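Encoded as C-alpha cells, the structure appears first; notes follow it.
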Amino acid sequence: MKKSLVALAALAAAGIASAQSSVTLYGVADVWLGSTKTETLQGGVLTGVRQTVQGSGGYNGNRFGLRGTEDLGGGLKANFVLEQGFNIDTGAQGASGLQFNRQAFLGLAGGFGEVRFGRQYTAYDTLRGATNNSFDSSFATTGSVWGKGVADYAGRRDNQITYISPDFSGFSGAVTYALGENKTATSSATDTTAFHVKYAAGPLLVGVAYQQEEVSNTVDRTYTLLAGSYDFGVAKLTAGYNRAKLDMGGKDNEYQLGVDFPVASNARIALGYVHAKYKLANGASNGKGNGYSITGYYDLSKRTRLYAGLNNYTVKNAAGTKTEKGNLYAIGVRHSF
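So for the sequence shown, the working numbering puts the first residue at 154; every next one is plus one.
What follows is the structure, encoded as C-alpha cells:
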C-alpha cells in the first residue's frame with residue numbers, strides 16, 4: 154500500500170511539473186515561383202540577366218525552431234528559443250556554419266518585463282519590421298533602396314543582452330546591447346547598442362528606434378527610425394522615416410509608405426512605396442533610389458496562405474545615371490506549423 158501511495162505521489166508530481174513546463178516545435182515553409190532580374194552599371198551600360206526562379210521565403214523566411222517556457226513560480230518564467238533558417242528550394246542552411254542562425258536565446262520573464270541572452274533581433278529591427286510596408290515580406294523594396302549609400306543595419310546580433318519592458322497603458326520599450334567580443338591589445342570591442350520606445354493601443358502603433366554599430370574604434374554607423382501604422386478597418390496605413398549616418402562618411406534620408414486593405418474575409422492586398430536620398434559627408438548629393446511593390450494573399454486555412462507580388466526599384470547616382478535596377482514577379486505558398 155505504501156509503495157502504491159508513493160508511486161501515485163510521484164506520478165502526480167510529474168504531472169504538475171509537466172503542466173508548468175512546455176516545449177513547442179514550430180516553423181514556416183515558404184516557396185515561390187517567379188522571375189527576377191537585377192541590372193548593375195558595367196562599362197556605362199546596365200547589365201543583367203533575367204532568371205526563372207524557384208525561390209525560398211517570399212512571404213516569410215523559412216524556419217523551424219523550438220520554443221520553451223517553464224513556470225518558476227511567483228510570476229517568474231524561464232524562456233528559450235532555438236530557431237534555424239533554411240532554404241526550402243535547396244535544403245541548405247540559412248547561414249552556413251550557424252546551427253541556429255535566426256535566434257538562440259535564454260531568458261527570464263516576470264512582472265519586471267523580460268531579459269534575454271544570446272543571438273537575437275535588435276530593438277531597432279523589432280520596430281522596423283512591425284511598421285514596414287508590403288506585410289514586411291521580401292516584396293518590400295526597403296531592403297533594395299535603403300542601404301545603398303550608408304550600409305544597411307544588422308538585424309540580428311550575437312552575444313546580445315535584451316531587456317523588454319512591460320506594457321504601461323500602451324507604452325513599452327526595449328533595449329539591446331551586443332558585446333563585440335573582438336577586443337585586442339590595441340583596440341576595444343565593436344559593440345552594438347539599440348533601443349525602441351513605442352505606443353500601441355487599438356488601431357494605432359507609433360514608435361521611435363535607434364541603433365549604433367561600431368564599425369571600428371573611431372567610426373560608428375547610426376540609424377534613427379520614426380515609424381508607425383494606423384488601421385482604419387477599411388485600410389491600414391504604414392509609414393516610416395529613417396536616417397542612416399556613417400561618421401565622416403555620409404548621411405541618407407530614407408522614407409517608406411504603405412497601405413493594405415481587405416478584399417475578402419481571408420484576403421488582403423498591399424501597396425508599398427520606398428524612397429531614399431544618399432548624401433556624401435560634405436552634404437552633396439550621392440544619388441537617390443525609388444521602389445514600389447504590390448502584394449496580395451489569400452488564406453486557404455489558418456496555416457496555409459497563397460500569395461503573389463511584384464516589386465521594382467531603381468538606384469541613380471548624383472549625375473542621374475541609373476546604377477542599379479531590379480524587379481521580381483512571383484506567386485507562392487506559405488505554410489506555418
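Where a beta carbon is used, it is the ideal one built from N, C-alpha and C, also for glycine. Since the model is a prediction, treat every value here as computed from it, not as a measurement.
In chain order, P356, L357 and L390 place their CB closer than 6 Å to the CB of Y383, counting only its own chain and leaving out the 5 sequence neighbours on each side. In the structure shown, Y466 falls within a strand segment according to DSSP collapsed to helix, strand and coil. Contact check for G326 against V350 passes: the beta carbons are separated by less than 7 Å. The distance from the Cβ of A362 to that of T345 is about 13 Å, inconsistent with a contact at the 8 Å cut-off.
Here K441 has H428, A429, K430, Y431, V468 and K469 as same chain residues with Cβ atoms under 8 Å from its own Cβ, once five neighbours each way along the sequence are excluded.
In this structure, S290 lies away from T189, with their beta-carbon atoms at least 7 Å apart.
In chain order, N370 place their CB closer than 6 Å to the CB of S340, counting only its own chain and leaving out the 5 sequence neighbours on each side.
By the Cβ test, the segment 257-270 is not in contact with the segment 409-417, since fewer than three Cβ pairs between them sit closer than 8 Å.
G323 places its beta carbon less than 7 Å from that of A354. Spanning the alpha carbons of Q273 and F288 requires a straight line of approximately 21 Å. Counting other Cβ atoms within 10 Å of its Cβ, D278 reaches 16 or more and is therefore classed as buried.
In the DSSP secondary-structure assignment, P319 is not bridged to any residue. Judged by DSSP in its simplified three-state form, L251 adopts coil rather than helix or strand. Boundaries for Y306: no alpha helix (DSSP H) harbours it, and the DSSP string shows neither H nor E there.
Secondary structure at V298: helix, using DSSP grouped into helix, strand and coil. Per DSSP, D413 is one residue of the beta strand (DSSP E) stretching across G403 to A417. Rounded to whole angstroms, the separation of the alpha carbons of L280 and F233 is 21 Å. Secondary structure remark: continuous beta strand (DSSP E) runs of at least 3 residues inside the segment 188-249, in chain order: 198-200, 204-209, 216-226 and 229-238. Taking all protein chains shown into account, N435 has fewer than 16 neighbouring C-beta atoms within 10 Å of its C-beta and is therefore exposed.
Inclusion of F258 and E236 in the CB contact set at 7 Å is not warranted, their separation being larger than that value.
When the Cα atoms are used, N419 and D224 turn out to be separated by approximately 36 Å.
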